[in-house]
Amino acid sequence: MKLRCPCGNRLYDNSDFQSHKAYLIAEQDEEDFVTVLGADSDLNWDAFEKYSRAIYQCERCGRLLILRDQDVLTFAPDTPERSAQVLRSVEGENWRRHLRGRWSNGKGEVWWGFGVEDEGFETQFQTWEEVASTYFEVFERLKSNNILRDCFLVKEGSTVHKWP
Ligand SMILES: [Zn+2]
Numbered sequence: 132m133k134l135r136c137p138c139g140n141r142l143y144d145n146s147d148f149q150s151h152k153a154y155l156i157a158e159q160d161e162e163d164f165v166t167v168l169g170a171d172s173d174l175n176w177d178a179f180e181k182y183s184r185a186i187y188q189c190e191r192c193g194r195l196l197i198l199r200d201q202d203v204l205t206f207a208p209d210t211p212e213r214s215a216q217v218l219r220s221v222e223g224e225n226w227r228r229h230l231r232g233r234w235s236n237g238k239g240e241v242w243w244g245f246g247v248e249d250e251g252f253e254t255q256f257q258t259w260e261e262v263a264s265t266y267f268e269v270f271e272r273l274k275s276n277n278i279l280r281d282c283f284l285v286k287e288g289s290t291v292h293k294w295p
């Protein structure tokens, strides 16, 4: 999905764990939502879908964009710098991130995090050894800093490392 901010910037919604997207739950719905929690997790997701609305922040101007039915409502901040990254995780830089490594047909990539300082997307690899070396270096750093959610490394379709 793609949204256009009044400042001209385009906002994309094309993956999970995005730092410029959050959900809004009305206080009027809080009790109904929490009452459903505690049931099995499928019901939790249904309740979340029912009671929450997506909200996005433009990374260029700091505006908030809220979807209501077919409408996109926009709110501009009085202090854009102070209001930046208001939708990111409450954990901030301590948010536990993913790490992925892949090598296939002479091409490799290693990526981790998005919307945090310790993030990366590297594709300039000549060999499998370079991919593995970068992956394990990042793995050790993220794990020892307790900011790793999960990770895996795949070589020609086979998983050669996985955590946890
Ligand atoms: Zn904008």
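Its first residue numbered 132, the sequence shown is counted upward by one per residue in the working numbering.
Note that beta-carbon positions come from the ideal geometry of N, C-alpha and C, so glycine has one too.
The criterion of a C-beta distance shorter than 8 Å is satisfied by Trp-243 and Arg-228.
Between the alpha carbons of Lys-293 and Gly-251 lies a gap of roughly 19 Å. For Val-203, the enclosing beta strand (DSSP E) has its first and last residue at 202 to 206.
The Cβ neighbour count for Tyr-154, taken over all protein chains shown within 10 Å, is under 16; the residue is labelled exposed.
With contacts defined by Cβ atoms closer than 8 Å, Glu-248 and Thr-265 do not form a contacting pair. Following the DSSP letters along the chain, one finds Leu-273 inside the alpha helix (DSSP H) bounded by residues 259 to 275. Within its own chain, the residues whose Cβ lies closer than 6 Å to the Cβ of Pro-137, once the five positions on either side in sequence are excluded, are Thr-205, listed in chain order.
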